[in-house]
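Asker:
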Amino acid sequence: MAQGQPIYEARIPIHPRSVKGRFRNLKTGILLLAYGVFFGLPWLRWDRDYGPSQAVLFDIPNRQFFLFDLVVYAQDIFWLAGFLVVAALLLFFVTGVLGRVFCGYFCFQTLWTDVFMYLERKIQGERPARLRLSKQPWNVEKLWKLGATHLSWLLVAFATGLGFVLYWADAPTLARDFFSGDARFAAYVTAGLLTATTYTFAGLAREQVCTFICPYARFQSVMFDRDTLIVSYDQNRGEGSAGRAKVKAGLKTREERQAAGVGDCIDCGYCVQVCPTGIDIRDGLQVSCIHCALCIDACDTIMDKQGWPRGLIGYSSERELEGGKTRWLKGKTLGYGAAVLVVVGALVFSILERPPVDVNVNQVRQPLFVQMSDGRVQNSYELRLNNVSDQELDFTLDIDGLEGATLDLGQVEQIRLEPGQRLTVLARIRHDVEAGADSPLRFYFVIRDREGRIDPVEADARFSHR
Ligand code: SF4
Ligand code: SF4
Numbered sequence: 039m040a041q042g043q044p045i046y047e048a049r050i051p052i053h054p055r056s057v058k059g060r061f062r063n064l065k066t067g068i069l070l071l072a073y074g075v076f077f078g079l080p081w082l083r084w085d086r087d088y089g090p091s092q093a094v095l096f097d098i099p100n101r102q103f104f105l106f107d108l109v110v111y112a113q114d115i116f117w118l119a120g121f122l123v124v125a126a127l128l129l130f131f132v133t134g135v136l137g138r139v140f141c142g143y144f145c146f147q148t149l150w151t152d153v154f155m156y157l158e159r160k161i162q163g164e165r166p167a168r169l170r171l172s173k174q175p176w177n178v179e180k181l182w183k184l185g186a187t188h189l190s191w192l193l194v195a196f197a198t199g200l201g202f203v204l205y206w207a208d209a210p211t212l213a214r215d216f217f218s219g220d221a222r223f224a225a226y227v228t229a230g231l232l233t234a235t236t237y238t239f240a241g242l243a244r245e246q247v248c249t250f251i252c253p254y255a256r257f258q259s260v261m262f263d264r265d266t267l268i269v270s271y272d273q274n275r276g277e278g279s280a281g282r283a284k285v286k287a288g289l290k291t292r293e294e295r296q297a298a299g300v301g302d303c304i305d306c307g308y309c310v311q312v313c314p315t316g317i318d319i320r321d322g323l324q325v326s327c328i329h330c331a332l333c334i335d336a337c338d339t340i341m342d343k344q345g346w347p348r349g350l351i352g353y354s355s356e357r358e359l360e361g362g363k364t365r366w367l368k369g370k371t372l373g374y375g376a377a378v379l380v381v382v383g384a385l386v387f388s389i390l391e392r393p394p395v396d397v398n399v400n401q402v403r404q405p406l407f408v409q410m411s412d413g414r415v416q417n418s419y420e421l422r423l424n425n426v427s428d429q430e431l432d433f434t435l436d437i438d439g440l441e442g443a444t445l446d447l448g449q450v451e452q453i454r455l456e457p458g459q460r461l462t463v464l465a466r467i468r469h470d471v472e473a474g475a476d477s478p479l480r481f482y483f484v485i486r487d488r489e490g491r492i493d494p495v496e497a498d499a500r501f502s503h504r
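With the working numbering applied, the sequence shown corresponds to residues 39 to 504, in that order.
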């Protein structure tokens, strides 16, 4: 941040000009894909042996998250931790190499602001028309244009809120219930909150979110190094020895300008006018720059018109700007890359190797053990079983590692669980403990399917006798 820049300042409305070019096309493609995924996924049906027919569904009441063929249960929460670690490492890795590419192309704030700006442009016109409208006194034209703009923003914000809510229940049913007033209260509250925040962030606050609210913008500089790709202005080429100058008599051709020591920047201001955060990239790397690359498209358009080479503004690294060559392979990059691969590998392995039955053993601790009249010792356990496979299973429960001990399941004779079904079983173990034996003794509960459709699952446990 520049010296003396305030932590917060009142927002000066920015009216970016539209631009055409390869980065604009890339951003539009990513935007359409992201919107297609976000709004379309809840409606995608999925053929499962059991469970809902929705491809992606976060079923909170039953504590099950359906992600295509994967069903995630509450006890798999460590996968979420792994996923967050991957996301953090990936952020460090990508930012170190490609700078704020996430901000410029993929961030929700950027994607939604882009759409809000598109609507604003369609209703109010291009930048000059919007500037004129903002300055003119209130009249019918201003009223209806601003009203229509805000209404369109609210509609998109509401669609976003509703789109989010549809992930948490059967989408067609919830959509019908939502509009007939029969949905749960939480659905209305969540959709309302999302509508309000989307409207505020993408419509009213816009670049203020990136500059003053988003923590990533603040700490990204520590991830940058001299080889990080940044959107930058080629100062040497643009300014020459005598600075930038507009095209005028005697400074029209490149040759004339070079002879006068003037650079290639014709000071047209197009790069500033298209910037969604309202900054001038010619002032150097700034915390407000979200690396959207629209100023590259703008300047390329000008260079094309002049018949001069593109690249006055472009992706470059600090090292390259100083005349060196960008080093892609560095210890830091390789380290982050390797860490991402290791955590992703561990996560995939954990998902693929998940046992079909989740067993949670809790030893009853009050009392920890009971000395019986026949000399044996009794321990009690609460076993929580969850069938996480996609088929009905019929279990037997045994113990292994306590020679001569007996297992008592009370009235439970059969443990049959539907896919996704949970059951808590109270198990008592009575054991004639040898004198001098350690306490606690280690053993295993062994769960087998009667029909042998799954490999036996073992759960570690302890037997206490003193
Ligand atoms: S300076 Fe360029 S890359 Fe940075 S935010 Fe503005 S238009 Fe986007
Ligand atoms: S668009 Fe290019 S030529 Fe125009 S002011 Fe920006 S850097 Fe200079």
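Note that the Cβ used here is the ideal one computed from N, Cα and C, for glycine as well. As the structure is a computational prediction, the values presented were derived from the model and not from experiment.
Determine the direct distance from the alpha carbon of Phe501 to that of Ser411, and round the result to whole angstroms.
Answerer: Taking the straight line joining both Cα atoms gives about 18 Å.
Asker: Report all residues from its chain with a CB closer than 7 Å to the CB of Val139; omit the five preceding and five following residues, and keep chain order.
Answerer: Same-chain partners within the cutoff: Val132, His329.
Asker: Give the secondary structure of Arg468 by DSSP, where H, G and I count as helix, E and B as strand, and everything else as coil.
Answerer: DSSP places Arg468 in strand when its eight states are reduced to three.
Asker: Please classify Arg170: is it buried, with 16 or more other beta-carbons within 10 angstroms of its beta-carbon, or exposed?
Answerer: By the neighbour-count rule (16 or more Cβ atoms within 10 Å), Arg170 is not buried but exposed.
Asker: Between which two residues does the alpha helix (DSSP H) harbouring Gln113 extend?
Answerer: From DSSP, Gln113 is part of no alpha helix (DSSP H); its letter is neither H nor E.
Asker: Spell out the partners DSSP gives Ile485 in its beta bridges.
Answerer: In DSSP, Ile485 forms a bridge with Leu435, Val495.
Asker: Would Tyr374 and Gln401 qualify as a contact pair, given that the criterion is a beta-carbon distance under 8 Å?
Answerer: Contact flag unset, no.
Asker: Between the alpha carbons of Ala40 and Gln324, how many angstroms are there, rounded?
Answerer: Residue placement at Ala40 is flagged as unreliable, the pLDDT there being 49, under the threshold of 50; the coordinate-derived value follows with that caveat. Going by the C-alpha atoms only, they are around 8 Å apart.
Asker: Looking only at its own chain, which residues have a Cβ that is under 7 Å from the Cβ of Leu289, when we skip the five neighbours before and after it?
Answerer: Counting only Cβ-Cβ distances below 7 Å, and skipping sequence neighbours, we find Ala283, Arg295, Ala298, Val300.
Asker: Tell me the rounded alpha-carbon separation between Pro54 and Val312.
Answerer: Approximately 5 Å, taken between the alpha carbons.
Asker: Which of helix, strand or coil does DSSP assign to Gly474?
Answerer: Of the three classes helix, strand and coil, the one that applies to Gly474 here is coil, per DSSP.
Asker: In the structure shown, what three-state DSSP assignment does Thr462 receive?
Answerer: In this structure, Thr462 counts as strand in the three-state DSSP scheme.
Asker: Rounded C-beta distance between Arg480 and Gln416? I'm assuming under 8 Å.
Answerer: Not confirmed; about 18 Å, so no contact.
Asker: So, for Ala443: in the same chain, excluding its five sequence neighbours on each side, which residues have a beta-carbon less than 7 Å away from its beta-carbon?
Answerer: If we look at Ala443 and ignore the five residues flanking it on each side, its Cβ neighbours are Ile437, Ile467, Arg468, His469.
Asker: Check this for me: beta carbons of Arg491 and Leu431, under 8 Å apart or not?
Answerer: Cβ atoms of Arg491 and Leu431: closer than 8 Å.
Asker: Looking at ligand 1, does it come within less than 7 Å of Pro314, judged from the CB to the closest heavy atom?
Answerer: Yes - ligand 1 has a heavy atom lying nearer than 7 Å to the Cβ of Pro314.
Asker: Using the beta-carbon count (16 or more within 10 Å), is Asp396 buried or exposed?
Answerer: Asp396 comes out buried.
Asker: List in chain order: all unbroken alpha helix (DSSP H) runs of 4+ residues lying wholly within the segment 282-347.
Answerer: Runs found: 292-297, 308-311, 332-344.
Asker: Pair every Cβ in the segment 172-186 with every Cβ in the segment 254-273, then say whether three or more of these pairs are closer than 8 Å.
Answerer: At 8 Å Cβ cutoff, the stretches do not touch.
Asker: Throw me the rounded Cβ distance for the Val382 and Val124 pair, which I believe falls under 8 Å.
Answerer: So it is a contact: roughly 6 Å between Cβ atoms.
Asker: Helix, strand or coil: how does DSSP classify Ser270 here?
Answerer: Strand at Ser270.
Asker: Among the residues of its own chain, which have a CB less than 6 Å from the CB of Trp206, if the five just before and after it don't count?
Answerer: Correct list, in chain order: Phe96.
Asker: Please indicate yes or no: does the CB of Met292 lie closer than 7 Å to some heavy atom of ligand 2?
Answerer: Inspection of the sequence shows that residue 292 is occupied by Arg rather than by Met. False, no ligand heavy atom lies under 7 Å from that Cβ.
Asker: Restricting to Cα atoms, I'd like to know which of Pro99, Leu64, Leu440 is closest to Ala475.
Answerer: The option with the nearest alpha carbon to Ala475 is Leu440.
Asker: Under 6 Å Cβ to Cβ from Gly137, same chain only, skipping five residues before and after it: list those, please.
Answerer: For Gly137, where only same-chain residues beyond five positions count, the Cβ hits under 6 Å are Thr266, Leu267, Ile268, His329.
Asker: Judging by CA-CA distance, which residue of Leu69, Trp84, Asp335 is the nearest neighbour of Tyr308?
Answerer: Nearest option by C-alpha distance: Asp335.
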